[in-house]
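S.K.: Dumping the structure here so I can ask a few things about it.
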Amino acid sequence: MTLYFENARLIDPEAGEERRGNLIVDGARIAAVDAAGPPKGAQVIDCASKCLAPGIVDIGVQVGEPGARHKESFRSAGRAAAAGGVTTIVTRPDTDPAIDTPEVLEFVTRRAQAETPVNMRPMAALTRGRAGREMVEIGFLMDAGAVAFTDTDHVVTNTRVLSRCLTYARSLGALVIGHPQDPGLSRGAAATSGKFAALRGLPSVSPMAERLGLDRDIGLVEMTGARYHADQITTRRALPPLRRAKANGLDITVGISIHHLTLNELDVGDYRTFFKLTPPLRSEDDRAAMVEAVDSGLIDVICSMHTPQDEESKRLPFEEAASGAVGLETLLPASMRLYHSGELTLPQLFRAMALNPARRLGLPAGRLAAGAPADLVLFDPDAPFLLDRFALHSKSKNTPFDEARLQGRVLACFVAGRRVHAKETA
Amino acid sequence: MSFRARHLLGIEHLGPDEITALLDLADRYVALGRSAAKHADVLAGMTQINMFFEASTRTQSSFELAGKRLGADVMNMAMQASSLKKGETLIDTAMTLNAMHPDLLVVRHPNSGAVDLLAQKVTCAVLNAGDGRHEHPTQALLDALTIRRAKGRLHRLTVAICGDIAHSRVARSNLLLLGKMENRVRLVGPPTLMPAQAAEFGVEVTDDMREGLRDADVVMMLRLQRERMDGAFIPSEREYYHRFGLDAEKLAHAKGDAIVMHPGPMNRGVEIDGTLADDINRSVIQEQVEMGVAVRMAAMELLARNLRAARENGDG
């Protein structure tokens, strides 16, 4: 099957530019960009001047399999991803039980293959049961397809355990993903310390806890030479040590969730639990600093940190409510806020949402180039809409963007040259 | 009458005119409470439910007495002992109670914001009797009434709030109310018991009692919870009393006619000297208890009035 996308606004994160052009897909791969005309027999898709970009590679998606399928199954997550222009979900191991053996990893891989139209790459836990004591079978898990190792928001508090994990991971070239947070300071916190948290009477954590966690991890990376990615850096104070570590040549990258780039602590308002996240939303000053850090390339990856929670987990007093937000379907439209505000360009956004995460995980996706996988998203960055959370494909509807005015709709999504989503009216 | 609120969830949502209106009405109930009859029947036929998810003797009995003096049918529910142990959620409990058609729901809960959440789900008027570290509006109102009666005004006073500010809903509500009424507020306490960036509230912050009390008109002491004295927030009880406990020597830095307040229950010899607490020339702690009943009567009457008006307009 050959597809010819004509009249497209090509978003090329590798070249860091956007331009008018066409693109040919042959089978599962991109065959050519900017060809002279459609090859014989190709199906022509008129993009009508809308944007064609590499599909999003979303690091850190939580699916409720195994253990919480009522919150999100591979089927619902896959549909949500396709509708959101996410062509690769990189799943988290914080399931029940945790994904910490090759057997569980094979189970989720099989489930994903059977149920999702998008690519799925699993991450595995770094320690058994994410308990921070014994390392998992990193080698076997890599053979089974694990692309990274992380205990997610369970910080490995024992530095001796973590240093051994990093040392062992380094010998296999495995990527370790940390959650930079000092667990002593952040325990029980539901908000970032400051005037807002004090007025609301919420237990809070100093933004310094993130820097303390990052400082420690940087030290251990320098000691072991491991490949390291921080799941989310969300505070201004963490940036100077990060800049130094990168300048010193350590193999460190960092990510941030779209929520921390587009929302701040005041959005919690009168205890709105859909805005309760881990780490908690930060000050506007921190948010602005994070956008600048994405602009300068200091922050490498933007993700959705998709965390489905059902109504029962959220309809509780703020301190007791579950943390996290769904984001697969809202990542792209929310990111368009940064484009429309003039803070980031489309190639910059797709560098952080597609190219960089793919590169970091050693995946060939994220590029508009001959030979790359035909994982593509066609979207209209201007189309306005009012988000209705009950229209989301996710089983869980816990989005902070409920009833928000957003711009940017996915018109179609292709995985390996196959159309996996088309807007109903498109 | 300028009291518009549907619920009393916090001082944050009240305007200065609403605070004044409520205190004016409360003044009348103080007089009633001192008379022989003590009864007004403005809540006759109405049902008041007190839901306390956290143990309380003073506040609960004060609300109960206030409701009874206004002629309401008052029911107390000890929530620690009931459905929460059976796994029922706060929302379900609220819905169950709502089906009994109460008119006034008085709620205390250990989590900040829990009373706001409950208020969204019921059709009656909700009074916050203390939620976590967030607000305790009737305490701030009774403190305001006590101050107004002792000082003759509720503006341009210097008020020192001393002790465990960080964990105190009483401090939150008081600093909001005193700020709205244009007073000068000082927060005094050890830095481990002070919220981060407390100065951003538009108040003065100090960890020196003598400096904090200097020329104060009102000295408001807060209770220090026993579980915070074990070396986690302060080194010891005796060091705390030495540095932050109110005694005659420290009080001498305040104005000569400064009044001493405490929301109770007191830890004598920890945050306040026992003799000073009983000194009727300085301490208004007993008056605070009396004002509590009057302020709660006023708050419930005003909310009941708004509730009736809303029901007559068909949007209750």
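Chains as they are written, first to last, in my numbering: chain D, 1 to 426; chain W, 1001 to 1316. We put the beta carbon where it would ideally sit given N, CA and C, even for glycine.
Does residue 1112(W) come within less than 8 angstroms of chain D when only Cβ atoms are used?
M.R.: Residue numbering aside, residue 1112(W) sits at position 112 when the second sequence is read from its first letter. Output row for residue 1112(W): interface = yes.
S.K.: Leaving out five residues on either side along the sequence, give the residues of the same chain with a beta carbon under 8 angstroms from the beta carbon of residue 1181(W).
M.R.: Position 181 of the second sequence holds residue 1181(W). Around residue 1181(W): 1016, 1019, 1144, 1154, 1155.
S.K.: Does the distance from the C-beta atom of residue 385(D) to that of residue 50(D) stay below 8 angstroms?
M.R.: As a working mapping, residue 385(D) is identified with position 385 in the first sequence. As a working mapping, residue 50(D) is identified with position 50 in the first sequence. No. Outside cutoff.
S.K.: Does residue 212(D) get closer than 8 angstroms to chain W when you measure Cβ to Cβ?
M.R.: In the first sequence, counting from the first residue as 1, residue 212(D) sits at position 212. No, because no Cβ of chain W sits closer than 8 angstroms to the Cβ of residue 212(D).
S.K.: Using the Cα positions of residue 65(D) and residue 125(D), report the straight-line distance between them to the nearest angstrom.
M.R.: Position 65 of the first sequence, counting from 1, holds the residue named residue 65(D). Position 125 of the first sequence, counting from 1, holds the residue named residue 125(D). The straight-line gap from Cα to Cα measures roughly 15 angstroms.
S.K.: Just reading off the beta strand (DSSP E) that residue 253(D) is part of, what are its end residues?
M.R.: Start at 1 with the first residue of the first sequence, and residue 253(D) comes out as number 253. 252-257 is the extent of the beta strand (DSSP E) around residue 253(D).
S.K.: Quick one: is residue 9(D) near chain W, going by C-beta distance under 8 angstroms?
M.R.: For the purposes of this step, residue 9(D) is identified with residue 9 of the first sequence, where counting begins at 1. False, the Cβ-Cβ gap to chain W never drops below 8 angstroms.
S.K.: With which residues is residue 398(D) paired in a DSSP beta bridge?
M.R.: Residue mapping note: residue 398(D) aligns to position 398 of the first sequence, counting from 1. In DSSP, residue 398(D) forms no bridge with anything.
S.K.: DSSP state of residue 1233(W), grouped into three classes?
M.R.: Taking the first residue of the second sequence as position 1, residue 1233(W) is located at position 233. Of the three classes helix, strand and coil, the one that applies to residue 1233(W) here is coil, per DSSP.
S.K.: Answer yes if the region 146-157 of chain D comes into contact with the region 93-113 of chain D, meaning at least three C-beta pairs across the two stretches below 8 angstroms, and no otherwise.
M.R.: Touching, yes.
S.K.: Buried or exposed: which applies to residue 152(D), given that a residue is buried once 16 or more other Cβ atoms fall within 10 Å of its Cβ?
M.R.: Residue mapping note: residue 152(D) aligns to position 152 of the first sequence, counting from 1. Its Cβ being crowded by 16 or more others within 10 Å, residue 152(D) is buried.
S.K.: With 9 angstroms as the C-beta to C-beta threshold (strictly closer), list the residues of the region 193-205 of chain D near chain W in chain order.
M.R.: 193, 194, 195, 197, 198, 199, 200, 201, 202, 203, 204
S.K.: With a threshold of 8 angstroms, are at least 3 pairs of Cβ atoms found where one atom belongs to the region 265-275 of chain D and the other to the region 189-197 of chain D?
M.R.: yes
S.K.: Determine which residues of the region 301-328 of chain D have a Cβ less than 8 angstroms from any Cβ of chain W, and write them out in chain order.
M.R.: 312, 315, 316, 317, 318, 319, 320
S.K.: With H, G and I counted as helix, E and B as strand and the rest as coil, what does DSSP make of residue 127(D)?
M.R.: For this step, residue 127(D) is matched to residue 127 along the first sequence. Of the three classes helix, strand and coil, the one that applies to residue 127(D) here is strand, per DSSP.
S.K.: From the DSSP output, in three-state form, read off residue 1004(W) for me.
M.R.: Translated into positions along the second sequence, residue 1004(W) becomes position 4. Residue 1004(W) falls in the coil class under three-state DSSP.
S.K.: Determine which residues share a DSSP beta bridge with residue 1074(W) and list them.
M.R.: Within the second sequence, residue 1074(W) is the residue found at index 74, counting from 1. Answer is 1048(W), bridged to residue 1074(W).
S.K.: Determine, using beta carbons only, whether residue 228(D) comes closer than 8 angstroms to chain W.
M.R.: Reading the first sequence from its first residue, position 228 is the one you call residue 228(D). Put simply, the CB of residue 228(D) is far from chain W, with every gap to its CB atoms at 8 angstroms or more.
S.K.: In chain D, which residues lie less than 7 angstroms from residue 1130(W) when you measure between Cβ atoms?
M.R.: Here residue 1130(W) is taken as the residue at index 130 of the second sequence, counted from 1. The contacting residues do not exist; residue 1130(W) stays about 10 angstroms from chain D at best.
S.K.: How would you list, in chain order, the residues of chain W whose beta-carbon sits under 8 angstroms from the beta-carbon of residue 271(D)?
M.R.: Position 271 of the first sequence, counted from the start, is the residue given in the question as residue 271(D). The answer, in chain order, is 1112, 1113, 1116, 1117.
S.K.: Measuring only the C-alpha atoms, how far is residue 23(D) from residue 198(D)?
M.R.: Taking the first sequence and counting its residues from 1, the one referred to as residue 23(D) is at position 23. Taking the first sequence and counting its residues from 1, the one referred to as residue 198(D) is at position 198. Taking the straight line from one Cα to the other gives about 54 angstroms.
S.K.: Please list the partners that residue 1190(W) has in chain D, where partner means a Cβ-to-Cβ separation under 8 angstroms.
M.R.: Taking the first residue of the second sequence as position 1, residue 1190(W) is located at position 190. Chain-order list of chain D residues neighbouring residue 1190(W): empty, with the shortest C-beta distance near 16 angstroms, by a criterion of under 8 angstroms.
S.K.: Give me the Cβ distance between residue 1114(W) and residue 1090(W), rounded to the nearest whole Å; I'm assuming they're in contact under 8 angstroms.
M.R.: As a first step, residue 1114(W) must be located in the second sequence, where it is residue number 114. As a first step, residue 1090(W) must be located in the second sequence, where it is residue number 90. Yes, residue 1114(W) and residue 1090(W) are in contact; Cβ-Cβ is about 6 angstroms, under 8 angstroms.
S.K.: What residues in the region 1086-1110 of chain W have a beta carbon less than 8 angstroms from any beta carbon of chain D?
M.R.: Against chain D - using a Cβ distance shorter than 8 angstroms - the residues of the region 1086-1110 of chain W are 1089, 1090, 1091, 1109.
S.K.: Going along the chain, which residues of the region 1124-1155 of chain W sit with their C-beta nearer than 8 angstroms to a C-beta in chain D?
M.R.: Taking 8 angstroms as the Cβ-Cβ cut-off against chain D, the residues of the region 1124-1155 of chain W that qualify are 1131, 1132, 1133, 1134, 1135.
S.K.: Measuring straight from C-alpha to C-alpha, what distance separates residue 200(D) and residue 269(D)?
M.R.: Taking the first residue of the first sequence as position 1, residue 200(D) is located at position 200. Taking the first residue of the first sequence as position 1, residue 269(D) is located at position 269. Looking at the two C-alpha atoms, the distance is approximately 9 angstroms.
S.K.: Which partner residues of residue 306(D) appear in the DSSP bridge assignment?
M.R.: Taking the first residue of the first sequence as 1, we reach residue 306(D) at position 306. Answer is 325(D), bridged to residue 306(D).
S.K.: Taking 8 angstroms as the cut-off, does the region 338-357 of chain D touch the region 34-45 of chain D (at least 3 CB pairs, one atom from each stretch)?
M.R.: Contact fails: fewer than three Cβ-Cβ distances are below 8 angstroms.
S.K.: Since residue 85(D) and residue 129(D) are thought to touch, with beta carbons under 8 angstroms apart, how far apart are those beta carbons, to the nearest angstrom?
M.R.: Taking the first residue of the first sequence as 1, we reach residue 85(D) at position 85. Taking the first residue of the first sequence as 1, we reach residue 129(D) at position 129. With 8 angstroms as the limit, residue 85(D) and residue 129(D) do not qualify as a contact, their Cβ atoms being about 34 angstroms apart.
S.K.: Counting only C-beta atoms, is residue 1186(W) closer than 8 angstroms to chain D at any point?
M.R.: One-based indexing of the second sequence puts residue 1186(W) at position 186. Not one chain D Cβ lies under 8 angstroms of residue 1186(W).
S.K.: By the criterion of Cβ-Cβ separation under 9 angstroms, what are the contact partners of residue 1196(W) in chain D?
M.R.: Here the question's residue 1196(W) lines up with position 196 in the second sequence. The contacting residues are 193, 194, 195, 197, 198, 204, 206.
S.K.: With DSSP run on the structure shown, which of helix, strand or coil describes residue 264(D)?
M.R.: Translated into positions along the first sequence, residue 264(D) becomes position 264. Correct three-state label for residue 264(D): coil.
S.K.: So, residue 1014(W) versus residue 1125(W), is the Cβ gap smaller than 8 angstroms?
M.R.: On the second sequence, position 14 is the one that residue 1014(W) refers to. On the second sequence, position 125 is the one that residue 1125(W) refers to. No. Outside cutoff.
S.K.: Can you tell me which residues form a DSSP beta bridge with residue 119(D)?
M.R.: Taking the first sequence and counting its residues from 1, one reaches residue 119(D) at position 119. Paired residues: 88(D).
S.K.: Check whether the Cβ atoms of residue 217(D) and residue 60(D) lie closer than 8 angstroms to each other.
M.R.: Taking the first sequence and counting its residues from 1, the one referred to as residue 217(D) is at position 217. Taking the first sequence and counting its residues from 1, the one referred to as residue 60(D) is at position 60. No. Outside cutoff.
S.K.: For the region 1094-1134 of chain W, list the alpha helix (DSSP H) runs that are entirely contained and at least 4 residues long, ordered along the chain.
M.R.: 1114-1119
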